[in-house]
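Residue numbers (full-length UniProt numbering): 1 to 338.
The beta carbon of each residue, even a glycine, is placed where N, CA and C say it ideally should be.
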């Protein structure tokens with residue numbers, strides 16, 4: 001493989017906005033950007049409790065370097081105000097829970113598609129230097145071939161994935177129509193500290209650590225490519241720094257797959273407790289909606305970004321287990337977190 005000479009833009013002292021900063025990946029990205037010396041504005045969704053999500057839990061030395069702005073990506077005027085004067089925008093805000101998308105598909109269109117439109121339009125109006133748009137491996141649907149590269153067809157197998165396909169195409173249209181410098185990162189299944197029980201890894205770990213003798217899960221046969229959150233965040237950073245990412249879609253994953261069943265066995269072994277597994281029907285996706293196989297081809301990330309994962313699955317799971325052990329109070333292990 002021929003590797004390109006990578007041209008970097010330094011993020012130090014850049015005025016950076018992160019939408020979805022209060023979330024799982026967004027909070028880790030916020031921390032990393034502060035460490036790199038960026039001037040960070042963290043957009044968190046407005047709520048009357050003035051709750052900043054995971055931003056509230058960050059070390060005080062990090063928080064004092066962040067400007068927090070409350071708003072909503074579904075409101076253009078709000079986006080225009082916060083985006084004006086920024087250099088780089090990381091767009092992570094989205095509705096992401098697949099099960100809830102079956103219940104409220106319109107909400108996913110308003111947030112993921114229309115919200116992305118608002119972000120892109122404000123970035124166009126105010127001449128943003130670089131926009132990093134966040135996609136998801138779910139847009140590929142169940143693999144038609146493996147490993148899945150960026151040329152794989154897109155399949156809307158859930159209202160969530162359909163809305164993200166719409167968001168990705170909206171971002172692409174702003175690059176093609178208005179020459180907006182957009183780069184789209186497509187993470188595969190990210191996991192790690194601060195992830196909610198909406199996702200399978202914290203669901204497994206939190207139930208075991210809560211002392212459940214039988215843990216409740218959905219389908220065990222699907223495979224996923226799990227990428228530790230610190231590696232995913234470095235992918236975001238490289239997407240912003242590297243000039244060649246503009247106009248590109250880049251997969252970020254490990255180029256490995258594991259079935260949910262084998263993942264459970266691995267976690268059980270790492271924790272050292274004996275449990276049985278019960279597959280609950282209400283945790284299963286509709287038959288034609290289930291994504292049976294995801295396996296990332298990450299050659300483009302290596303070539304364009306000079307990026308590759310540093311954490312093994314065992315290393316990432318061990319750090320995640322330790323974090324959940326210390327923060328088990330955050331998890332309601334007796335109910336299904338949609």
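Using three-state DSSP, classify residue i as helix, strand or coil.
i: residue 187; result: strand
i: residue 119; result: helix
i: residue 254; result: coil
i: residue 24; result: helix
i: residue 335; result: coil
i: residue 319; result: helix
i: residue 326; result: helix
i: residue 30; result: helix
i: residue 11; result: coil
i: residue 312; result: coil
i: residue 57; result: helix
i: residue 18; result: strand
i: residue 2; result: Reliability fails at residue 2, whose pLDDT of 40 lies under 50, so the model's placement of it is uncertain and the value that follows must be treated cautiously. In the structure shown, residue 2 sits in coil (DSSP, three-state: anything other than H, G, I, E or B).
i: residue 234; result: helix
i: residue 305; result: helix
i: residue 62; result: helix
i: residue 212; result: coil
i: residue 339; result: Look at the range of the chain in this structure, 1 to 338, and you will see that residue 339 is not part of it.
i: residue 349; result: It is not possible to answer for residue 349, since the shown part of the chain is limited to 1 through 338.
i: residue 99; result: helix
i: residue 291; result: coil
Please say whether residue j and residue i have beta carbons closer to each other than 7 Å?
i: residue 339; j: residue 78; result: The chain is shown only over 1 to 338; residue 339 falls outside these bounds and no answer can be derived.
i: residue 139; j: residue 169; result: no
i: residue 333; j: residue 207; result: yes
i: residue 231; j: residue 309; result: yes
i: residue 97; j: residue 112; result: no
i: residue 325; j: residue 209; result: yes
i: residue 70; j: residue 108; result: no
i: residue 278; j: residue 203; result: no
i: residue 178; j: residue 137; result: no
i: residue 312; j: residue 257; result: no
i: residue 205; j: residue 132; result: no
i: residue 67; j: residue 41; result: yes
i: residue 160; j: residue 101; result: yes
i: residue 300; j: residue 150; result: yes
Quick check on the DSSP output: the alpha helix (DSSP H) that includes residue i runs from which residue to which?
i: residue 203; result: 200-209
i: residue 178; result: 159-178
i: residue 78; result: 76-83
i: residue 105; result: 105-108
Since residue i contacts residue j with CB under 8 Å, what's their CB separation in whole angstroms?
i: residue 62; j: residue 44; result: Not quite, the Cβ-Cβ distance comes to about 15 Å (not below 8 Å), so this is no contact.
i: residue 219; j: residue 260; result: 7 Å
i: residue 254; j: residue 226; result: 7 Å
i: residue 291; j: residue 141; result: 6 Å
i: residue 15; j: residue 85; result: 6 Å
i: residue 246; j: residue 305; result: With 8 Å as the limit, residue 246 and residue 305 do not qualify as a contact, their Cβ atoms being about 12 Å apart.
i: residue 39; j: residue 13; result: 6 Å
i: residue 33; j: residue 123; result: Contact flag wrong, Cβ pair sits at about 17 Å.
i: residue 201; j: residue 90; result: The pair is not a contact, with the Cβ atoms about 23 Å apart (cut-off 8 Å).
i: residue 11; j: residue 234; result: The pair is not a contact, with the Cβ atoms about 12 Å apart (cut-off 8 Å).
Following the continuous beta strand (DSSP E) through residue i, name the residue where it begins and the one where it ends.
i: residue 90; result: 88-91
i: residue 130; result: 130-134
Provide the residue(s) that pair with residue i in DSSP beta bridges, ordered along the chain.
i: residue 259; result: 223
i: residue 271; result: None; residue 271 has no bridge partner.
i: residue 67; result: 41
i: residue 364; result: Since the first residue shown for the chain is 1 and the last is 338, residue 364 is missing from the structure and cannot be characterised.
i: residue 148; result: 296
i: residue 228; result: 191
i: residue 249; result: 184
At a threshold of 6 Å, does residue i count as lining the ligand NAD (C-beta to nearest heavy atom)?
i: residue 231; result: The ligand NAD is absent from the structure shown, which contains no ligand whatsoever.
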